[in-house]
Amino acid sequence: MDKKVIVLSVAGSDCSAGAGVQADIKTISALGGYAATAITAITVQNTLGVQGVHPVEAGVVGRQMEAVMEDLKPDAIKIGMTGNVEIINEIVRVLHQYSPRQVIFDPIMVSTSGHKLMTDEAVEAICTKLLPVVSLVTPNLHEAEVLLQQPIHTVDDMELAAHLVYEKYQCACLVKGGHLTGNEMCDVLYDGHELHLFGARRIHTGNLHGTGCTLSSAIATFLAQGFPLYEAVELAKTYITKAIEAGKDLHIGQGNGPLCHFPYLVNPVNPVTEE
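If you want it as structure tokens, here you go:
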């Protein structure tokens with residue numbers, strides 16, 4: 001009997017399908033996994049921005065997770081938008097109940113413009129309750145600043161931040177450098193033993209919606225497949241670079257468009273146009 005690795009995405013729904021659980025499903029599927037979901041919020045958004053966020057009742061989030069854990073028994077869990085304290089507490093409860101081997105957390109805490117997306121109480125719950133039970137956290141620069149309450153501007157700052165997050169919360173940390181200036185980008189991983197830097201050239205495109213969701217779910221999928229953390233991150237970085245490159249000229253929506261989550265499709269079918 002064939003068996004796919006199973007990855008549970010605990011995240012918000014994006015009706016434009018560029019981010020959130022929709023991006024996770026596409027990513028996990030593209031990399032050969034099977035995606036299950038637990039929806040934490042219904043977002044009203046498109047490529048032009050977010051118009052509304054409607055959290056799911058916390059108990060319903062927990063029951064979705066339990067249903068998947070009891071039957072599908074996922075090999076890894078990816079957590080994205082958590083929303084409020086009640087949902088965070090419920091996620092933590094289920095994680096304690098089932099003790100999954102791999103939990104990857106992409107903290108949707110700060111908007112692209114740098115504005116906090118959750119209350120101080122929710123941030124505190126993430127820091128004191130959720131981070132201690134995850135395997136890897138993947139903050140961008142703004143989110144790492146919130147976690148550590150200190151500015152981060154350079155690669156040296158990122159290296160220190162990755163160390164400090166591990167020391168403070170006892171989970172591996174991948175600080176993403178997409179907000180650095182210049183044509184060269186760098187992500188920094190600290191796993192408690194070694195520091196790893198992942199360099200990449202910046203791809204100039206307006207289609208970057210859902211990059212954080214895509215990267216974290218790709219890492220989760222490779223971890224589920226048995227790769228060690230460094231290799232899982234390296235493979236995920238390769239995948240997301242291909243996804244951005246393949247989608248850089250896509251015309252989907254009028255704003256910040258999505259990636260191409262299936263860059264390995266050699267001969268995509270082109271739509272038929274009338275003469």
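Mind the numbering: the sequence shown is residues 1 to 275 in UniProt numbering, read in order.
The C-beta atom is built at its ideal place from N, Cα and C for all residues, glycine as well.
Discussion item. Using the Cβ count rule (16 or more neighbours within 10 Å means buried), how would you classify Val266?
Written reply: In the sequence shown, counting from the first residue as 1, residue 266 sits at position 266. Only weak support is given to the placement of Val266: the predicted model assigns it a pLDDT of 47, under 50, and the value that follows is read from those uncertain coordinates. Exposed: under 16 other Cβ atoms inside 10 Å.
Worksheet item: Relative to the C-alpha of Glu121, which residue among Ala220, Val133, Leu147, Thr40 is closest?
Response: Your numbering for residue 121 matches position 121 in the sequence shown. Comparing C-alpha distances from Glu121 to each of Ala220, Val133, Leu147, Thr40 shows the shortest one belongs to Leu147.
Practice prompt. Compare the Cα-Cα distances from Val61 to each of Ile77, Thr47, Glu90, Ser13 and report the closest residue.
Written response: In the sequence shown, residue 61 corresponds to position 61, counting from 1. Ranking Ile77, Thr47, Glu90, Ser13 by Cα distance to Val61 puts Glu90 first.
Worksheet item: Pro55: which of Asn84, Pro100, Gly80, Ala38 sits nearest, CA to CA?
Response: Locating residue 55 in the sequence shown gives position 55, counting from the first residue. The candidate whose alpha carbon is nearest that of Pro55 is Asn84.
Discussion item. Quick check on this structure: which residue in Gly12, Cys260, Asp2, Tyr169 has the alpha carbon closest to the alpha carbon of Ile39?
Written reply: As a first step, residue 39 must be located in the sequence shown, where it is residue number 39. Residue Gly12 is the option with its Cα nearest to Ile39.
Item to complete: Following the continuous alpha helix (DSSP H) through Arg93, name the residue where it begins and the one where it ends.
Response: Translated into positions along the sequence shown, residue 93 becomes position 93. It spans 85 to 98 - the alpha helix (DSSP H) in which Arg93 sits, taken as one unbroken run.
Item to complete: Please classify Phe26: is it buried, with 16 or more other beta-carbons within 10 angstroms of its beta-carbon, or exposed?
Response: Walking along the sequence shown from the start, residue 26 turns up at place 26. The question names Phe, but residue 26 is Lys in the sequence shown. When all chains shown are included, Lys26 counts as buried.
Worksheet item: Of the choices Gly199, Gly33, Ile88, Leu235, whose alpha-carbon is the least far from that of Val155?
Response: Taking the sequence shown and counting its residues from 1, the one referred to as residue 155 is at position 155. Of the listed residues, the one whose Cα sits closest to Val155 is Gly199.
Worksheet item: Over what stretch of residues does the alpha helix (DSSP H) that includes Gln22 continue unbroken?
Response: As a position in the sequence shown, residue 22 is number 22, starting the count at 1. Per DSSP, Gln22 belongs to the alpha helix (DSSP H) from 20 to 30.
Discussion item. Considering Cα atoms alone, identify which of Ile244, Ala224, Asp249 is closest to Gly32.
Written reply: For the purposes of this step, residue 32 is identified with residue 32 of the sequence shown, where counting begins at 1. The option with the nearest alpha carbon to Gly32 is Ala224.
Worksheet item: So Tyr190 and Tyr169 are in contact, right, with Cβ under 8 Å, and what is the actual spacing, rounded?
Response: Mapped onto the sequence shown, residue 190 falls at position 190. Mapped onto the sequence shown, residue 169 falls at position 169. So it is not a contact: roughly 12 Å between Cβ atoms.
Discussion item. Assuming Val123 is part of the alpha helix (DSSP H), what are its boundary residues?
Written reply: As a first step, residue 123 is located in the sequence shown; it is residue number 123 there, counting from the start. Unbroken alpha helix (DSSP H) run through Val123: 120 to 125.
Practice prompt. Count the other CB atoms, across all protein chains shown, that sit within 10 Å of the CB of Ser16; report buried if there are 16 or more and exposed otherwise.
Written response: As a position in the sequence shown, residue 16 is number 16, starting the count at 1. The residue in question, Ser16, is buried, as its Cβ has 16 or more Cβ neighbours within 10 Å.
Item to complete: On the DSSP bridge assignment, give the partners of Leu174 in chain order.
Response: On the sequence shown, position 174 is the one that residue 174 refers to. According to DSSP, Leu174 bridges with Leu189.
Worksheet item: When we look at the beta-carbon of residue 277 and count the other beta-carbons within 10 Å, is it buried (16 or more) or exposed?
Response: Since the first and last residues shown for the chain are 1 and 275, residue 277 lies out of range.
Worksheet item: At which residues does the alpha helix (DSSP H) containing His163 begin and terminate?
Response: Here the question's residue 163 lines up with position 163 in the sequence shown. Start and end: 155 to 169.
Fill in: Contact between the segment 248 to 265 and the segment 119 to 133 (3+ Cβ pairs under 8 Å)
The segment 248 to 265, when compared against the segment 119 to 133, does not touch it at the 8 Å Cβ threshold.
Discussion item. Which residue wins for smallest C-alpha separation from His209, given the options Gly226, Val133, Leu164, Ala19?
Written reply: Here residue 209 is taken as the residue at index 209 of the sequence shown, counted from 1. With distances taken between Cα atoms, His209 lies closest to Ala19.
Worksheet item: Is there a Cβ from chain C that is less than 9 Å from the Cβ of Val5?
Response: This model lacks chain C altogether, as it is built from one protein chain only.
Worksheet item: Where do the ends of the beta strand (DSSP E) carrying Val53 lie?
Response: The sequence position of residue 53 within the sequence shown is 53, counting from 1. Run containing Val53: 49 to 55, per the beta strand (DSSP E) assignment.
Worksheet item: Any idea if Thr119 is buried or exposed, counting beta-carbon neighbours within 10 angstroms, 16 or more meaning buried?
Response: Residue mapping note: residue 119 aligns to position 119 of the sequence shown, counting from 1. Exposed, by the Cβ-count rule.
Worksheet entry | Backbone CA spacing between Tyr239 and Leu174 [nearest angstrom] | The residue labelled residue 239 in the question sits at position 239 within the sequence shown. The residue labelled residue 174 in the question sits at position 174 within the sequence shown. The straight-line gap from Cα to Cα measures roughly 16 Å.
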